[in-house]
Amino acid sequence: MSTDDKTASPADAKGAPAAAKGRPADVSGKPGDAKTKPAVRKTPWFRLTVIVLFALLYAYDLFEALSDTFGVAAQITKYNENATLIGLNTVAIPWGVLIANLLLPVVVFGLCILVARKRNVGILVITLLAGLGVVGALSLSFSVLAGALA
1 MSTDDKTASP ADAKGAPAAA KGRPADVSGK PGDAKTKPAV RKTPWFRLTV IVLFALLYAY
61 DLFEALSDTF GVAAQITKYN ENATLIGLNT VAIPWGVLIA NLLLPVVVFG LCILVARKRN
121 VGILVITLLA GLGVVGALSL SFSVLAGALA
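Counted from 1, the sequence shown has number 141 at position 141 by full-length UniProt numbering; the numbering is strictly sequential.
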């Protein structure tokens, strides 16, 4: 066997050809020498579409919280005006509950995206659905709590 035969077909220590081990046959031993196609980065359009659709659902909850904030504040202000006219005690506006209700959809959406950022789209959808359920349940609880405090 000549030296030309050894260089024509590279082999490892056991004598198996390099191509049989999953490496290209023209590898010279240096990283990056194999002529391979560069990795094509796909546009995550489906993932972005799912995120945008769920963002609209979370934005609806945010809009509800915003309208509740203005509505409750206006209602309590009107009640306090009438209560002072007839000599009743005034009621404080539950700003803590209203602000928590405003921040809830934004924080939960961000956490869902953060948790599922390296996962596939199915896991992202499940995470965003679970987060939407959490937002719905807590928003309802905050609305009841704001009504009880008022």
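Glycine included, every Cβ here is placed at the ideal spot set by N, Cα and C. In this text, all values refer to a predicted model and were calculated from it rather than measured experimentally.
For Pro94, is the classification buried or exposed, using 16 other Cβ atoms within 10 angstroms of its Cβ as the cut-off for buried? With 16 or more Cβ atoms within 10 Å of its Cβ, Pro94 is classed as buried.
Let me make sure I understand the geometry here. Which of Thr49, Ile123, Ser143 and Ile51 has the alpha-carbon closest to that of Leu104? The candidate whose alpha carbon is nearest that of Leu104 is Ser143.
Find the nearest neighbour of Val135 within the set Leu85, Gln75 and Phe109, judged by alpha-carbon distance. Taking Val135 as reference, the option from Leu85, Gln75 and Phe109 with the minimal CA-CA separation is Phe109.
For Asp61 and Ser139, believed in contact at Cβ under 8 Å, the rounded distance: That pair is a contact at about 6 Å.
Mind listing, in chain order, the continuous alpha helix (DSSP H) runs of no fewer than 4 residues lying wholly within the region 33 to 94? Runs found: 45 to 86.
Chain-order list of residues whose beta-carbon lies under 8 Å from that of Phe46 (same chain, five-residue window excluded): Excluding five sequence positions before and after Phe46, the CB atoms of its chain that fall closer than 8 Å to its own CB belong to Val121, given in chain order.
Determine whether the beta carbon atoms of Thr90 and Ala83 lie at a separation below 7 Å. Judged by beta-carbon spacing, Ala83 lies within the 7 Å limit of Thr90, meaning their Cβ atoms are closer than that value.
In this structure, does DSSP put Ala116 in helix, strand or coil? Ala116: coil per DSSP, three-state reduction.
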